[in-house]
Amino acid sequence: QPIYGIRSTTYPNYALNLAQLGALCISNLCATKPIKCPTCLSNNIKRNGIKVDGKQNHQCKDCKRQFIGDHALSYQGCNSGITGKILHLMVRGSGVRDIAEVELISIGKVLRTLSESIYQIQPKQSHYECLEVDELWTFVGNKQNKQWLIYAYHRESGEIIAYVWGKRDLATVQRLKARLKKLGVQYARIASDHWDSFITAFQCCKQVIGKFFTVGIEGNNCRIRHRIRRGFRRSCNFSKKLENHFKAFDLTFFYLNNGFV
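So, in structure tokens, the structure goes:
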């Protein structure tokens, strides 16, 4: 009996090839969607002959772009909606190779999408009653190459206000304070643990010190480690390139602040 439009006799022992089955399912789903121009997203499309490989060619009447519909693509990395899917999977805890395997695309396509992404968070308010500050340990390449994330968090809104990367020292905390000032963020008090660098850097403002006051940001640390694959504990997942490491966190913080995940 044919299965999903493929004769099972094509495959020994009636075992379907997963990659071909996935491509066929994607093709069937995309075929029901209206064709849009990948450049200007216009629906004003006309057929424009047949390609050498027998696939239907289309042309946008508005911008004159010629293209093949998503349902006829041989390689899903050229799909018009693949970039959004890659980014969304990244902030849902999926690794680079996992995304490549599931979406039937190359690892290079996934890494290129990440490296080309540009996301920066902006505070939604100019004044916050209380900001919690804490540090988060990560590494790139090996555990000796530590990359400390120090950031400010607003518990009531669940918003990451500002963050900096560097060593776990007073200078990095002072850069966080300068970052808050540059963004025009004002706050009535700062909540932190007993680390001396936090106490020294924010000594000019009202402070509440102790783990009781940083429950919100500690919970957010857990959320970050569940959303970013390269932040997982006790696993083989880590960044090999510093730029990709920073961009993965930029992407996740932007998605978290805007409610995309």
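In this note's numbering, the protein residues as written are 45 to 305.
We put the CB at the ideal spot given by N, CA and C, even for glycine.
Since we're looking at a predicted model, the values are computed, not measured.
Asked, Found
"Under the three-state DSSP convention, the category residue 284 falls into", "coil"
"Cβ neighbour criterion (16 or more within 10 Å) applied to residue 114", "buried"
"Residue 12 to residue 153 span [Cα, whole Å]", "The structure shown does not extend to residue 12, since the chain spans only 45 to 305, so no value can be given for it."
"Short Cβ contact (8 Å threshold) for residue 221 with residue 192", "no"
"Length-filtered (3 minimum) beta strand (DSSP E) runs lying within the region 203 to 258", "203 to 210, 230 to 236 and 250 to 253"
"Three-state secondary structure (DSSP) of residue 107", "coil"
"Exposure of residue 135, with buried meaning 16 or more beta-carbon neighbours within 10 Å", "buried"
"Residue 104 vs residue 123 beta-carbon contact at 8 Å", "no"
"Helix, strand or coil at residue 308 [DSSP, three-state]", "Past the boundaries of the shown model lies residue 308; the chain is included only from 45 to 305, so the question cannot be answered."
"Coil, strand or helix - residue 123 by DSSP", "coil"
"Spatial distance of residue 126 from residue 83 (CA atoms)", "14 Å"
"N-terminal and C-terminal residue of the beta strand (DSSP E) that residue 152 is part of", "Where residue 152 is concerned, there is no enclosing beta strand (DSSP E), although the alpha helix (DSSP H) it sits in stretches over 151 to 160."
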